[in-house]
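Below: one structure, written as structure tokens.
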Amino acid sequence: MAEDQRNRRHPQNLQGVLRLAVEAGSAADGPALPEPMSEERKEWLKGALAEVAKGQNSEVEQMKECMRVLLRDGGCERGREGEEEGEDEEGETEGALEFLSELCENLDNARDLMTLGGLDLCMSQCLNHPQGSVRWRGAQLIASCAQNMPQVQCHLLSKGALPKLLQLTDSDPHPTVRVKALYAVSCLVREQEVGLRAFLSHDGFSVLMRGMQSDNEKLRTKSSFLLLNLLTVHPEHKDTVLSMGMVQQLVSVLRTPHSSFHEHVLGALCCLVEESPLGLRDCQSPTLGLEEMLNQRAEELQGREECQEELEFCKRLRSACFCRRQPDDSGMDR
42 MAEDQRNRRH PQNLQGVLRL AVEAGSAADG PALPEPMSEE RKEWLKGALA
92 EVAKGQNSEV EQMKECMRVL LRDGGCERGR EGEEEGEDEE GETEGALEFL
142 SELCENLDNA RDLMTLGGLD LCMSQCLNHP QGSVRWRGAQ LIASCAQNMP
192 QVQCHLLSKG ALPKLLQLTD SDPHPTVRVK ALYAVSCLVR EQEVGLRAFL
242 SHDGFSVLMR GMQSDNEKLR TKSSFLLLNL LTVHPEHKDT VLSMGMVQQL
292 VSVLRTPHSS FHEHVLGALC CLVEESPLGL RDCQSPTLGL EEMLNQRAEE
342 LQGREECQEE LEFCKRLRSA CFCRRQPDDS GMDR
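First residue of the sequence shown: 42, per the numbering used here; consecutive thereafter.
This is the structure we're talking about:
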């Protein structure tokens with residue numbers, strides 16, 4: 042038994058240590074009181090805890106090393122002495138950002154990187170880098186750190202991350218940068234009241250509208266999904282969106298060749314008409330021809346298993362806007 046314990050590998054994380062501690066405290070087979078932990082067992086657990094602590098320290102050192110790589114690159118402020126050397130350094134920078142993103146899936150590491158100044162470095166340098174491959178990885182790192190972390194979100198917002206990310210989403214020439222920047226925007230505004238206020242003050246809904254009209258399929262999907270989420274969670278902002286002519290824009294998007302993101306567009310229209318006379322009036326405008334389009338879309342989607350959610354949104358919108366005109370259509374009155 043003792044030899045077996047000595048040969049056992051130390052756990053790699055705190056959960057493993059806690060599990061071992063629980064096992065040590067309940068090793069008795071029956072209802073008898075557990076015996077005191079042996080000195081050998083205490084030493085083994087002490088070593089396991091040291092390994093975990095060492096791992097945490099190691100991750101902090103790894104983050105510091107990644108920051109040193111980013112500083113060596115120097116972003117757009119550093120002139121390049123040679124094409125080959127520049128490519129090597131860009132590769133190192135990309136690798137450092139990817140490694141940081143992976144490390145910062147751990148919330149403690151995300152907080153540590155913020156404290157070390159890594160997020161400030163990322164915003165000032167990586168988001169402004171001349172290479173799109175560095176810019177999108179910088180945006181991805183910000184998203185990894187911000188998701189589900191109010192402390193990090195507030196720090197990023199206070200440093201002006203949101204307007205920069207909205208700018209990248211709206212106008213960056215690299216398609217992946219636009220997608221990753223919008224992902225980071227989503228991580229800063231969903232479930233975050235301060236972020237939502239900043240989003241509104243920087244005309245974020247217009248950015249989403251233009252994203253849905255772009256030729257980037259992923260950007261269209263993420264823009265429409267974020268719009269649907271914000272309207273669902275924050276219906277109090279419907280009037281703001283309606284005043285921008287969003288209904289007309291969304292119907293125009295629905296007239297483009299059919300795509301899976303149309304499900305989110307129809308969902309957003311449903312949100313805009315429910316308990317909103319203005320939204321209802323906009324959708325009922327004869328100049329839009331929405332009723333005919335919904336009838337045609339429902340017919341096209343019928344029987345397509347992968348489109349059932351879109352079909353439900355289609356019927357729901359049709360029922361909300363035009364049920365009085367078609368009292369015999371049982372599908373609309375559900």
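Virtual Cβ for every residue (Gly too), placed ideally from N, Cα, C.
Here C195 carries a helix assignment [DSSP, helix/strand/coil]. For the segment 133–177, the continuous alpha helix (DSSP H) assignments of 4+ residues that do not extend past its boundaries occur at 148–157 and 159–162, in sequence order. Going by DSSP, G308 is part of the alpha helix (DSSP H) stretching over H303 to V314. Residue nearest to E232 within the set E315, A187, R251 and D280 is A187 (criterion: CA-CA distance). Between L197 and L160, the beta carbon gap of about 6 Å places them in contact (Cβ cut-off 8 Å). If the five residues before and after N257 are omitted, its C-beta is found closer than 8 Å to the C-beta atoms of P216, R219 and V220, all from its own chain and listed in chain order. Going by DSSP, S227 is part of the alpha helix (DSSP H) stretching over P216 to V230. Remark: fewer than three beta-carbon pairs, one from each stretch, lie closer than 8 Å, so the segment 342–352 and the segment 313–322 are not flagged as touching.
Note on geometry: alpha-carbon atoms of E146 and S300 lie some 32 Å from one another. Judged by DSSP in its simplified three-state form, K205 adopts helix.
Taking F363 as reference, the option from E340, G344 and V314 with the minimal CA-CA separation is V314. The C-alpha of M250 lies about 20 Å from the C-alpha of T328.
Between the alpha carbons of L111 and S79 lies a gap of roughly 48 Å. In the three-state scheme derived from DSSP, where H, G and I count as helix and E and B as strand, R109 is classed as helix. Fully enclosed alpha helix (DSSP H) runs of no fewer than 4 residues occupy 258–274 and 279–283 of the segment 256–284, in order along the chain. For the pair E332 and A239, the Cα-to-Cα distance works out to about 36 Å.
DSSP, read as helix, strand or coil, puts D211 in helix.
Spatial neighbours of V101 in its own chain (CB-CB distance under 7 Å, excluding positions within 5 residues in sequence) are listed in chain order as D153.
As the crow flies, the alpha-carbon of A202 is around 7 Å from that of M164. By the neighbour-count criterion, in which a residue is buried when 16 or more other Cβ atoms sit within 10 angstroms of its Cβ, E135 is buried. In this structure, L283 keeps its C-beta atom at 8 Å or more from the C-beta atom of L310. A Cβ-Cβ separation of about 3 Å places C167 in contact with G179 under the 8 Å criterion. Inter-residue distance for V294 and G252 is about 11 Å (C-alpha atoms, whole angstroms). Annotated three-state conformation of R238 is helix, per DSSP. Cβ atoms of E131 and Q172 come within 8 Å of each other, at about 6 Å.
Per DSSP, reduced to three states, the secondary structure at N336 is helical.
S185 is not a Cβ neighbour of A222, given a cutoff of 8 Å. Inclusion of H305 and F266 in the CB contact set at 8 Å is warranted, their separation being smaller than that value. With contacts defined by Cβ atoms closer than 8 Å, L237 and T281 do not form a contacting pair. Its chain contains H299 as the residues whose beta carbon lies nearer than 8 Å to that of E341, once the 5 sequence neighbours on both sides are disregarded; these appear in chain order. In this structure, DSSP gives K200 a state outside helix and strand, which the three-state scheme calls coil.
In this structure, V175 keeps its C-beta atom at 8 Å or more from the C-beta atom of L209. Counting along the chain, P318 sits inside the alpha helix (DSSP H) bounded by residues P318 to Q325.
In the same chain as N270, and ignoring 5 residues on each side of it, the C-beta atoms closer than 7 Å to its own belong to R231, in chain order.
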